[in-house]
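Everything on this sheet refers to the single structure shown next.
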Amino acid sequence: MEYKIITAPGQKQVMLFRGYTFSFKGMPRIYAYCSKYYTLGCKARFRLDKDGKIVYADTIHNHNPPVYRRTPVGKLVKVMS
């Protein structure tokens, strides 16, 4: 499974996997929870090893993925529906 680290609006780094964003909890960045964990109660999450490889994944979400677009200057913005 492949993921990307992106800088989301607000300059926060998040994990992007299959269109969904995950926020990191704690340091080092071993645990990543769906960015909608608190607002929608989504339980999707990841655990990474010290090298950033996925060792556990629960990828079932209770919502659709967010939509991001890149501006002409390369900045990511979230599209509100």
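All the letters of the sequence shown, read from the start, carry residue numbers 1 to 81 under the UniProt record's numbering.
For each residue, glycine too, the CB sits at the ideal point set by N, CA and C.
Rounded separation between residue i and residue j - CA only
i	j	result
residue 15	residue 24	8 Å
residue 47	residue 22	11 Å
residue 37	residue 13	16 Å
residue 19	residue 56	18 Å
residue 52	residue 72	31 Å
residue 6	residue 68	11 Å
residue 44	residue 10	22 Å
residue 76	residue 66	12 Å
Span of the beta strand (DSSP E) around residue i
i	result
residue 7	4-8
residue 49	Counting along the chain, residue 49 falls outside any beta strand (DSSP E), and DSSP gives it neither H nor E.
residue 70	67-70
residue 21	20-25
residue 80	Where residue 80 is concerned, there is no enclosing beta strand (DSSP E), given that its DSSP letter is neither H nor E.
From the options, residue whose alpha carbon lies closest to that of residue i
i	options	result
residue 2	12, 17 and 13	17
residue 42	77, 61, 76 and 4	61
residue 34	27, 63 and 49	63
Residue i, enclosing alpha helix (DSSP H) - first and last residue
i	result
residue 39	37-40
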